[in-house]
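Participant: For the sequence shown, the working numbering gives the first residue as 14, with consecutive numbering after it.
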Amino acid sequence: MASSSIKAISTTSPFKASSSPSSQPPSSSKPSLLSFLHTSSSNPISLKLSHSHSHAHNSHSHSFLITNVLKIADSSETSVSKSQNLKPTSSDSTPTILVSEKLGEAGLQVLRGFGNLECAYNLSPEELCAKISTCDALIVRSGTKVTRQVFEAAKGRLKVVGRAGVGIDNVDLQAATEFGCLVVNAPTANTVAAAEHGIALLTAMSRNVAQADASIKAGKWLRNKYVGVSLVGKTLAVMGFGKVGSEVARRAKGLGMNVISHDPYAPADRARAVGVDLVSFEQAIATADFISLHMPLTPATSKVFNDETFAKMKKGVRIINVARGGVIDEDALVRALDSGVVAQAALDVFTEEPPTKDSKLVQHENVTLTPHLGASTKEAQEGVAIEIAEAVVGALKGELSATAVNAPMVPPEVLSELSPYVVLAEKLGKLAVQLVAGGSGITSVRVVYKSARDPDDLDTRLLRAMITKGIIEPISASFINLVNADFVAKQKGLRISEERVAVDSSPEFPVDSIQVQISNVGSKFASSVSESGSISIEGKVKYGEPHLTCLGSFGVDVSLEGNLILCRQVDQPGMIGQVGNILGNDNVNVSFMSVGRTVQKKALMAIGVDEEPNKRTLEKIGKVPDIEEFVFLNL
14 MASSSIKAIS TTSPFKASSS PSSQPPSSSK PSLLSFLHTS SSNPISLKLS HSHSHAHNSH
74 SHSFLITNVL KIADSSETSV SKSQNLKPTS SDSTPTILVS EKLGEAGLQV LRGFGNLECA
134 YNLSPEELCA KISTCDALIV RSGTKVTRQV FEAAKGRLKV VGRAGVGIDN VDLQAATEFG
194 CLVVNAPTAN TVAAAEHGIA LLTAMSRNVA QADASIKAGK WLRNKYVGVS LVGKTLAVMG
254 FGKVGSEVAR RAKGLGMNVI SHDPYAPADR ARAVGVDLVS FEQAIATADF ISLHMPLTPA
314 TSKVFNDETF AKMKKGVRII NVARGGVIDE DALVRALDSG VVAQAALDVF TEEPPTKDSK
374 LVQHENVTLT PHLGASTKEA QEGVAIEIAE AVVGALKGEL SATAVNAPMV PPEVLSELSP
434 YVVLAEKLGK LAVQLVAGGS GITSVRVVYK SARDPDDLDT RLLRAMITKG IIEPISASFI
494 NLVNADFVAK QKGLRISEER VAVDSSPEFP VDSIQVQISN VGSKFASSVS ESGSISIEGK
554 VKYGEPHLTC LGSFGVDVSL EGNLILCRQV DQPGMIGQVG NILGNDNVNV SFMSVGRTVQ
614 KKALMAIGVD EEPNKRTLEK IGKVPDIEEF VFLNL
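1) So the alpha helix (DSSP H) glutamine 122 belongs to, where does it begin and stop?
2) Where does leucine 136 sit, in a helix, a strand or coil, going by DSSP?
3) Measuring only the C-alpha atoms, how far is proline 200 from glycine 442?
4) Is it the case that the Cβ atoms of valine 123 and alanine 402 are separated by a distance below 7 angstroms?
5) Have a look at Gly269, Pro559, Ile304 and flag the residue whose alpha-carbon is nearest the alpha-carbon of threonine 258.
6) From lysine 328 to alanine 313, what does the alpha carbon distance come to, in whole angstroms?
7) List, from N- to C-terminal side, the beta strand (DSSP E) runs of 3 residues or more that fit wholly inside the region 497–536.
8) Per DSSP, what are the beta-bridge partners of glutamate 343 in this structure?
9) Judging by CA-CA distance, which residue of Ala415, Val289, Ile152, Ile634 is the nearest neighbour of asparagine 649?
10) Excluding five sequence neighbours on each side, which residues of the same chain lie with their C-beta closer than 8 angstroms to the C-beta of leucine 346?
11) Give the DSSP-derived three-state secondary structure of serine 607 in the structure shown.
12) Taking 7 angstroms as the threshold (C-beta atoms), are asparagine 419 and leucine 111 in contact?
13) Hey, how far is the Cα of isoleucine 480 from the Cα of lysine 168?
14) Given a threshold of 16 other Cβ atoms within 10 Å of its Cβ, counted over all protein chains shown, does arginine 556 qualify as buried or as exposed?
15) Given asparagine 533, which residues of its chain have a CB within under 7 angstroms of its CB, disregarding the five upstream and five downstream residues?
16) Across which residues does DSSP place leucine 306 in a beta bridge pair?
17) Counting Cβ pairs closer than 8 angstroms, one from the region 504–518 and one from the region 534–541, do we hit at least three?
18) Given glutamate 131, which residues of its chain have a CB within under 6 angstroms of its CB, disregarding the five upstream and five downstream residues?
19) How big is the Cα-Cα spacing for valine 644 and lysine 256?
20) In this structure, does DSSP put glutamine 357 in helix, strand or coil?
21) Contact defined as beta carbons within less than 8 angstroms: I believe isoleucine 550 pairs with leucine 561. What is the distance between those atoms, to the nearest angstrom?
22) For glutamate 403, does the three-state DSSP call read helix, strand or coil?
23) Taking the beta carbon of leucine 235 as the centre, do at least 16 other beta carbons fall within 10 Å, making it buried, or is it exposed?
24) From the DSSP output, in three-state form, read off proline 559 for me.
25) Taking its Cβ as the centre, do 16 or more other Cβ atoms sit within 10 Å of lysine 505, making it buried, or is it exposed?
26) Exposed or buried, proline 280, counting other C-beta atoms within 10 Å across all chains shown (16 or more means buried)?
27) May I have the straight-line CA-CA distance separating alanine 3 from asparagine 203, to the nearest angstrom?
28) Decide if valine 583 is buried, meaning its Cβ has at least 16 other Cβ atoms within 10 Å, or exposed.
29) First and last residue of the alpha helix (DSSP H) that includes alanine 227?
30) Is valine 174 helix, strand or coil by DSSP?
31) Pull up the DSSP beta-bridge partners for glutamine 591, would you.
32) Throw me the rounded Cβ distance for the alanine 206 and alanine 388 pair, which I believe falls under 8 angstroms.
33) Whole-angstrom Cβ separation of valine 174 and leucine 151, contact assumed at under 8 angstroms?
34) Does the beta-carbon of proline 626 have 16 or more other beta-carbons within 10 angstroms, so that it is buried, or is it exposed?
35) Opposite valine 549 in the DSSP bridges: which residues?
36) Rounded to whole angstroms, what's the CA-CA distance from isoleucine 531 to isoleucine 485? Just pull it up for me.
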């Protein structure tokens with residue numbers, strides 16, 4: 014399979030953009046979700062191309078087109094702060110991975126086998142910012158705050174942040190996305206442990222286990238005081254039906270409880286499979302005897318359990334929280350406990366961790382507490398360590414990640430199926446932008462996916478991101494990855510619309526073809542313009558490799574690999590031989606040739622070359638009689 018990484022731009026050729034080879038994404042043997050992780054500048058850069066070099070060929074009127082001279086029109090637009098673009102370099106290319114909180118030894122072993130591992134615990138924010146510019150990856154748990162200041166201090170080097178656990182509210186995702194840093198988590202390894210702890214708190218609270226234990230150790234024997242409540246037949250509302258919430262629901266059903274759930278994103282059929290009814294938020298809190306919280310902390314869920322919501326609950330309700338402390342207004346919970354609206358609470362998480370010793374909530378006799386132990390089993394700790402270590406190492410390798418938080422969340426089986434189309438999408442974007450004439454501002458791109466599958470069965474987010482990367486990266490002072498592709502496109506005023514067209518082909522393959530159209534621009538190669546006036550190219554995956562199948566109105570069959578010369582010519586004998594001789598005499602190896610025809614006795618010749626021809630060789634091709642136009646493309 015062809016690599017999705019783009020070959021480094023040479024600085025020795027006068028026909029190449031003056032970009033540092035060291036800043037180019039390295040090639041990869043696997044289809045890369047990120048094509049490696051390079052940060053983009055936070056400065057807006059308009060998508061505008063400079064006029065390409067032109068040359069008169071004796072009596073021929075056509076232009077000598079070297080399309081990979083791609084520069085920003087206004088040099089002031091490309092001025093970027095040195096501090097933003099600075100990437101610390103080292104003679105050792107091995108990545109450095111910083112672990113700022115304790116991680117299981119099994120995970121550390123995975124990291125040691127891949128890069129330079131540094132474990133530095135209990136760093137202050139200032140110490141973390143001072144250290145991060147020398148790191149390619151950072152692994153944290155819940156205690157380290159990865160703020161915008163951390164990403165700014167990284168100066169573009171930080172490529173991935175790994176959160177050893179599920180919640181990512183301690184990571185500034187917006188800043189991570191803007192700086193092109195992938196954030197991955199470990200959402201599966203501690204699922205069972207967290208669910209078991211939720212059930213443990215549920216049962217311990219209902220039978221006053223913690224309070225009874227403390228009273229006996231204090232020399233008391235208070236059997237009548239600690240009469241509990243039964244769980245059988247009681248209604249448990251699971252607030253958030255994700256991985257942990259669904260596991261809690263399964264176990265609660267086994268205890269004989271009636272389980273309902275509120276989750277605006279959970280499929281109803283998935284809940285029904287567990288014997289759970291999805292209900293509204295209001296219905297859940299109004300009818301439940303027990304409420305178990307399993308929701309993320311977001312602006313929408315912050316203090317969602319407050320005086321107003323407690324007032325709507327059944328008197329004597331019991332609350333369990335093993336999710337995030339910030340979803341509960343703790344002062345309001347104390348008031349609800351004092352009034353008897355909430356009979357008991359069992360909490361593993363708090364707004365501030367650790368909570369203060371004099372906290373009224375901590376000291377309340379009807380509250381059972383544990384110090385954030387949800388994932389604290391030996392099995393879960395090792396599992397989380399391995400899961401996050403493998404996710405971080407995979408991201409540093411540029412591999413597809415199913416646990417990416419700030420990139421399209423695509424299931425592993427879909428990632429595998431889309432791999433060759435990821436390569437195709439990026440190369441079509443890169444080819445299309447090289448056909449845009451100098452001075453043309455790119456503002457509108459249309460992508461058409463032709464497929465035999467139902468539109469709901471085709472997830473195009475990953476493909477769209479890679480097309481965006483292919484279009485923006487060659488004409489930007491920065492590099493784009495999947496993480497920041499949509500953000501940067503919006504920042505630069507690039508609108509990408511998508512269309513799905515049903516075709517009569519095999520549904521075995523997710524996509525039959527992908528078409529990319531750039532409208533309202535001039536073209537360096539007139540043959541690439543369709544009847545609608547847009548630059549139009551189309552490609553397919555054949556035998557696992559990306560191929561160009563249509564350029565403008567010309568049907569072609571061209572492998573999208575290496576360098577490509579396209580020539581529009583009069584359809585007559587000897588043309589292939591003349592161009593082939595020129596390349597051969599100048600020691601340029603031809604990997605393939607393909608010719609497509611039109612009814613006007615015109616032909617489009619596509620020539621794949623292993624090496625980039627020099628200026629003199631390209632000039633010779635331009636002087637061949639009956640070649641009306643040609644273009645050189647680097648793929």
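Positions of the beta carbon are idealized from the N, C-alpha and C atoms, including for glycine. From a predicted model like this one, the values you see are computed outputs, not experimental measurements.
Facilitator: To lay it out plainly:
1) 118–125
2) coil
3) 33 angstroms
4) yes
5) The sequence shown places glycine at residue 258, not threonine. Per the Cα distances, Ile304.
6) 25 angstroms
7) 508–515, 526–531
8) Partner(s): none; glutamate 343 has no beta bridge.
9) Beyond the ends of the chain as shown, which are 14 and 648, falls residue 649; an answer cannot be given.
10) Phe318, Phe323, Ile332, Val355, Ala358, Leu374
11) strand
12) no
13) 26 angstroms
14) This sequence places tyrosine at residue 556; arginine is not what is there. It is exposed - the Cβ of tyrosine 556 has fewer than 16 other Cβ atoms within 10 Å.
15) Thr456, Ser457
16) Met252, Asn334
17) no
18) Leu111
19) 53 angstroms
20) strand
21) 6 angstroms
22) helix
23) exposed
24) strand
25) buried
26) exposed
27) Residue 3 cannot be examined here, being either before or after the span of the chain that is shown, 14 to 648.
28) exposed
29) 222–230
30) strand
31) Looking at the DSSP assignment, glutamine 591 forms no beta bridge with any residue, so it has no partner.
32) 5 angstroms
33) 5 angstroms
34) buried
35) According to the sequence as given, residue 549 is serine; it is not valine. Per DSSP, Gln530.
36) 12 angstroms
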